[in-house]
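Here full-length UniProt numbering is used: the first residue of the sequence shown is 1, the next is one more, and so on.
Notes to accompany the following structure.
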Amino acid sequence: MLLYVWFLTMAATARAHYKFPRLVIGGQAETADWVSVRLTKITNARDNGAVSDVNSADMRCFQGSPGKSTATVTAGEPLGFVASSGIMHFGPCQFYMARVPEEKDINTWEAAGNVWFKAGSISAVQTGGALSGSEATWPTYHKKQVSFTIPKNIPSGRYLVRVESIALHLAQNPGGAQFYISCGQVNVTGGGTGTPGPLVAFPGAYKANDPGLIWPNSPPRTSYTAPGPAVWEG
Ligand SMILES: *[C@@H]1O[C@H](CO)[C@@H](O)[C@H](O)[C@H]1NC(C)=O
Ligand SMILES: [Cu+2]
């Protein structure tokens, strides 16, 4: 009986997790799984698990294998990620981009150091009253895909695009937030002459006790700011 309950609990836990294996380009075309998105570690790619240590190198791309392919995208157009089995926990979804240096291979470039700027953030919506763990507060909760607009003035070229869904349901204490992460590989065309920033590092950009990584059960929160720098508006 105990074993049976344990098994049901584990199965429910596994179902509640997710991953981001493919891109949605221009609001329509979906790439195949793990082709223009770097394959994540088996804990995510097979088991749908999350990163919870903000100091881990897994905070970068949760990467298991090098990339394989690069998708062509257009500045000013939407770029999305499909959440395989849906975004099953409440919290913000954010998008970061890092320009691949000219001399580097996009499939193997590590994107270490201060190379990432925030390109999009879908965070809590204050609709009056307290914020809660509901779809009304978190627009991405239970969605099958999330997207942002590639900044119009971003210089054309090759970029890694990092999607991050921060799950706050167990984040009552530092270290409880979960990060569902993967990195797409894109060649941006039709860009401009902007200078994206500020640039931050993963790991490094977040601290376990950042207010945006803590979600007290009570009293209910009335405001929330997602962690990391401001979105570069281009
Ligand atoms: C990126 O797109 C541009 C414009 O189409 C093209 O000239 C360039 O070769 C592409 N680069 C890569 C690495 O695909
Ligand atoms: Cu989960």
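Using N, Cα and C, we set each Cβ at its ideal position, and we do this for glycine too.
- Around the beta carbon of GLU102, fewer than 16 other beta carbons lie within 10 angstroms, which makes this residue exposed.
- PRO78 carries a strand assignment under DSSP once its states are collapsed to helix, strand and coil.
- Short of 6 Å from the beta carbon of SER69, and not among the five residues preceding or following it, lie these beta carbons of its own chain, in chain order: VAL35 and SER36.
- The distance from the Cβ of ARG162 to that of PHE95 is about 7 Å, consistent with a contact at the 8 Å cut-off.
- With a threshold of 7 Å, the Cβ atom of MET59 does not count as near ligand 2, since no heavy atom of the ligand is closer than that.
- Judged by the Cβ position, ASN107 fails to qualify as a neighbour of ligand 1 at the 7 Å threshold, every heavy atom of the ligand being at least this far.
- Taking a cut-off of 8 Å for Cβ pairs, the stretch 167-182 and the stretch 58-78 touch, as three or more such pairs fall below it.
- For the pair GLY113 and ALA201, the CB atoms are nearer than the 8 Å cut-off.
- Shortest gap from the CB of MET97 to any heavy atom of ligand 2: 7 Å or more.
- Our two residues, ASP33 and ASN48, have alpha carbons roughly 14 Å apart in a direct line.
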